[in-house]
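A.B. asks:
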Amino acid sequence: MHFCASTQRTGLSPFWGCRIDSYGFEKPEEPHEETMVEYLTILSRRSLKWSRLLHGNDKVEKNMKVKRYVRKGVPKEHRTLVWMAASGAQDQLERNPGYYSSLLESEGDAKLEEAIRADIHRTFPDNVQFRDSSEECLQAALYNVLRAFGLHNKEVGYCQGMNFIAGYLIIITKDEEKSFWLLDALLGRILPDYYTTSMLGLRVDQEVLGELVRLRVPVVWQLMQKHNVMWTLVVSRWFICLFVDILPVETVLRIWDCLFYEGSKILFRVALTLIRHNQPLLLQAKNLPDVCERFKQITHGEFVGDCHCFIQVCALRGLAC
Amino acid sequence: PKITYNFLFKFLVIGSAGTGKSCLLHQFIENKFKQDSNHTIGVEFGSRVVNVGGKTVKLQIWDTAGQERFRSVTRSYYRGAAGALLVYDITSRETYNALTNWLTDARTLASPNIVIILCGNKKDLDADREVTFLEASRFAQENELMFLETSALTGENVEEAFLKCARTILNKIESGELDPERMGSGIQYGDASLRQLRQPRGSAAQTKQQCNC
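Written out as structure tokens, the structure is:
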């Protein structure tokens, strides 16, 4: 297996054409220009506010104001810092100096490495930064982080889906060690038992979502009963990938802002919002495959593309829950 | 226009991670090799209508994630499958060794009568072969499986694998060995069959009732 040169810190290549977004993904669809302009305005305003809030500090307090700020989106330049601070990953990193490098050097586990290797080439082939041909290919960083994590948390080891999550972390932080500790915060504390062998946490949360739908969107729950659709069939990818490769990149990052700050309840809010907003479309489904197809359909389009508005709706609906 | 069909079969594609399950499905449905895509998480599905032995059959195919721990999630889809492609990679002994486990899962969770075809995929990578044709065909024989070596890359034997499985199910229906009306058979009548079948079946049931009196 060939990996391109290891890069601990990777910069963004300046040679991207206009069809590649700022994270290296090929754009499937151009967002509306109007929405883009509007969002850029919002971003620069948020950026100013965040700079004032943080003013050189690397601590992020937990209070109503910061919560509001997080829900309105963490600007790109502060994202790593805020995720690290809010999730406790920064504390862990500081308390365990050299731990990540020691994992990199420690003796491996052939089975773990084999499983990770099998997926490295199947992670974001639609992202220029993950291609073999890319100058600063992120495949080596991805391999390192996943391998180190598998050795660190033996109960989890490697589970498919973690590659997408670690991939995003590397794209955002551009730093292996930080990605490692963020992954640890997510898998160890924020989403316990999602990726272990039994996947019990995941299975429980899927059922919890089903129960929430029964209470809040009963017609959709009845539809699922009628066609005998298990929740796991339509939502397991949402939970396992934390919406990576399901919702648009920017929307996923906004969800993750809340995920790191507030915890996993945002996942339920997003799922419920998607389901509730698309009730009419879902209810037209005539059979089981049709239901599955529509659950895919509702993760595309303008509603989820306008991330700022989407997150506001998720958060507000959340309050009503 | 809506295509009418005589039967609908539920199929599974199972086997270890990285054996090319999704690529087989893609080749069968789109007639081309799927390059550069993320691996499957959970379950995906596709469908295609085929002609088998003069009957129109809609295959509804469920493609599953191959990693061991996903079985706790994916097993719930096994229920009521009529057929399965059990896939291993001819260049990986490990994926071959895992076949017994997959087989047990399929027979206990789907149906003991499930019709399974074993597919030794990546036939095009003969230079890296770790599993011979002979030993795999012996395994297939011992376990009452059909067997083909396939290549999702070139398309060799891909169509054949799906069709062979469908034809066998159809034969079993015709011989009475499989009853499409049994719960969880993984077989449904399509609209084309319903028209022909409903009438005589109804009267047959009536006759039977009268006999019981």
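Those protein sequences? They're chains A and B, same order as listed. Heads up: the first sequence runs through residues 1 to 321, numbered per UniProt numbering. Heads up: the second sequence runs through residues 1 to 213, numbered per UniProt numbering. Cβ coordinates follow ideal geometry from the N, Cα and C atoms, glycine included. Predicted model, so just to flag it, every value in this text is computed and none were measured.
Provide the residue span of the alpha helix (DSSP H) that contains A/Y261, from first to last.
C.D. replies: Its alpha helix (DSSP H) spans residues V249 to E262.
A.B. asks: By alpha-carbon positions, which one of B/Q60, B/S16, B/G15 and B/T19 ends up nearest to B/Y5?
C.D. replies: Here the closest residue by C-alpha is B/Q60.
A.B. asks: Does chain A have any CB closer than 9 Å to the CB of B/N97?
C.D. replies: By this cut-off, B/N97 is not an interface position.
A.B. asks: Report yes or no: is there a C-beta of chain B within less than 9 Å of the C-beta of A/C292?
C.D. replies: Yes - at least one Cβ of chain B is within 9 Å of the one on A/C292.
A.B. asks: State the Cα-Cα distance for the pair A/D205 and A/I190, rounded to the nearest angstrom.
C.D. replies: Using only the alpha carbons, I get a separation of about 13 Å.
A.B. asks: How long is the line joining the alpha carbons of A/D184 and A/W256, rounded to whole angstroms?
C.D. replies: Rounded to whole angstroms, A/D184 to A/W256 spans 15 Å at the Cα level.
A.B. asks: Report the residues of the region 206–239 of chain A with a CB closer than 7 Å to any CB of chain D, ordered along the chain.
C.D. replies: The structure shown has no chain D; the protein chains it does contain are A and B.
A.B. asks: Residues of the region 37–67 of chain B with a CB closer than 8 Å to any CB of chain A: list them in chain order, please.
C.D. replies: For the region 37–67 of chain B, which is checked against every Cβ of chain A, the residues closer than 8 Å are S37, N38, H39, I41, G42, V43, F45, S47, Q60, A65 and Q67.
A.B. asks: With burial defined as no fewer than 16 other Cβ atoms inside 10 Å of the residue's Cβ, what is the status of A/R237: buried or exposed?
C.D. replies: Buried: at least 16 other Cβ atoms inside 10 Å.
A.B. asks: Going by alpha carbons, who is nearest to B/K34 out of B/E142, B/Q188, B/T154 and B/G83?
C.D. replies: Nearest of B/E142, B/Q188, B/T154 and B/G83 to B/K34, Cα basis: B/T154.
A.B. asks: Among B/N51, B/G18 and B/K123, whose alpha-carbon lies nearest the alpha-carbon of B/T40?
C.D. replies: The candidate whose alpha carbon is nearest that of B/T40 is B/G18.
A.B. asks: Report, in whole angstroms, the separation of the C-beta atoms of B/D191 and B/S185, which I expect to be a contact under 8 Å.
C.D. replies: About 18 Å separates the two Cβ atoms, so there is no contact after all.
A.B. asks: Does any residue of chain B have a CB that is nearer than 9 Å to the CB of A/A285?
C.D. replies: Judged by the 9 Å Cβ criterion, A/A285 is not in contact with chain B.
A.B. asks: Does the region 84–98 of chain B come close enough to the region 125–134 of chain B to have 3 or more Cβ pairs within less than 8 Å?
C.D. replies: Touching, per the Cβ criterion.
A.B. asks: Based on DSSP bridge pairs, tell me the residues matched to B/M146.
C.D. replies: The partner list for B/M146 (beta bridge, DSSP) reads B/I117.
A.B. asks: For B/E44, which three-state DSSP category applies?
C.D. replies: If DSSP states are grouped into helix, strand and coil, B/E44 belongs with the strands.
A.B. asks: Using the C-alpha atoms, what's the distance from B/K32 back to A/S13?
C.D. replies: Interpretation of A/S13 is limited by its pLDDT of 41, a score under 50 that renders its predicted location unreliable; the figure taken from the coordinates is listed afterwards. Going by the C-alpha atoms only, they are around 32 Å apart.
A.B. asks: Tell me the DSSP secondary structure of A/N127 in three-state form.
C.D. replies: A/N127 falls in the strand class under three-state DSSP.
A.B. asks: Tell me whether A/V60 sits in a helix, a strand or coil according to DSSP, three-state version.
C.D. replies: Note: A/V60 maps to coil in three-state DSSP.
A.B. asks: For the region 190–201 of chain A, which residues have a beta carbon sitting closer than 7 Å to at least one beta carbon of chain B?
C.D. replies: Correct list: T197, S198 and M199.
A.B. asks: What residues from the region 237–257 of chain A come within 8 Å of chain B, judged by C-beta to C-beta, listed N to C?
C.D. replies: So the list reads R237, I240, C241 and D245, given in the order they occur along the chain.
A.B. asks: Check whether chain A comes within 9 Å of B/V73, counting only Cβ atoms and requiring the distance to be less than that.
C.D. replies: Yes, contact with chain A.
A.B. asks: What would DSSP say about A/E176, mapped onto helix, strand or coil?
C.D. replies: Here A/E176 sits in helix by DSSP.
A.B. asks: If you count every other CB in all the chains shown that lies within 10 Å of the CB of A/R203, and 16 or more means buried, which is it?
C.D. replies: The residue in question, A/R203, is buried, as its Cβ has 16 or more Cβ neighbours within 10 Å.
A.B. asks: Pull out every residue of the region 14–31 of chain B whose Cβ sits closer than 8 Å to any Cβ of chain A, in chain order.
C.D. replies: Residues A17 and G18.
A.B. asks: Could you spell out the range, first to last residue, of the beta strand (DSSP E) harbouring A/K265?
C.D. replies: Per DSSP, A/K265 belongs to no beta strand (DSSP E); it is in the alpha helix (DSSP H), K265 to H277.
A.B. asks: Would a check of beta-carbon distances place A/G188 closer than 9 Å to chain B?
C.D. replies: No - not a single Cβ of chain B is within 9 Å of the one on A/G188.
A.B. asks: Could you pull the DSSP bridge partners for B/W102 from this structure?
C.D. replies: Its beta-bridge partners do not exist; DSSP assigns none.
A.B. asks: Do the region 63–77 of chain B and the region 294–314 of chain A make contact, defined as three or more Cβ pairs closer than 8 Å?
C.D. replies: Flag = no, the region 63–77 of chain B and the region 294–314 of chain A do not touch.
A.B. asks: Taking only three categories from DSSP, how would you classify B/A205?
C.D. replies: Confidence in B/A205 is poor, its pLDDT being 42 and thus under 50, which makes the residue's placement too unreliable to answer from.
A.B. asks: Verify the CB distance criterion: does B/E94 have a CB-CB separation below 9 Å to chain A?
C.D. replies: Yes, B/E94 counts as interfacial toward chain A.
A.B. asks: Identify the contact partners of A/C159 in chain B, using a Cβ-Cβ distance below 9 Å as the criterion.
C.D. replies: Per Cβ cutoff of 9 Å: Q67, R69 and F70.
A.B. asks: What's the C-alpha gap between A/F243 and A/I275?
C.D. replies: Near 14 Å, if we compare the C-alpha coordinates of A/I275 and A/F243.
A.B. asks: Is it buried or exposed for A/P218, if we count other Cβ within 10 angstroms and need 16 for buried?
C.D. replies: Its Cβ having fewer than 16 others within 10 Å, A/P218 is exposed.
A.B. asks: One question on the structure: do B/F7 and B/C165 come within less than 9 Å of each other, judged by their Cβ atoms?
C.D. replies: Taking 9 Å as the Cβ cut-off, B/F7 and B/C165 do not qualify as a contacting pair.
A.B. asks: Whole-angstrom Cβ separation of B/N101 and B/L24, contact assumed at under 8 Å?
C.D. replies: Not quite, the Cβ-Cβ distance comes to about 20 Å (not below 8 Å), so this is no contact.
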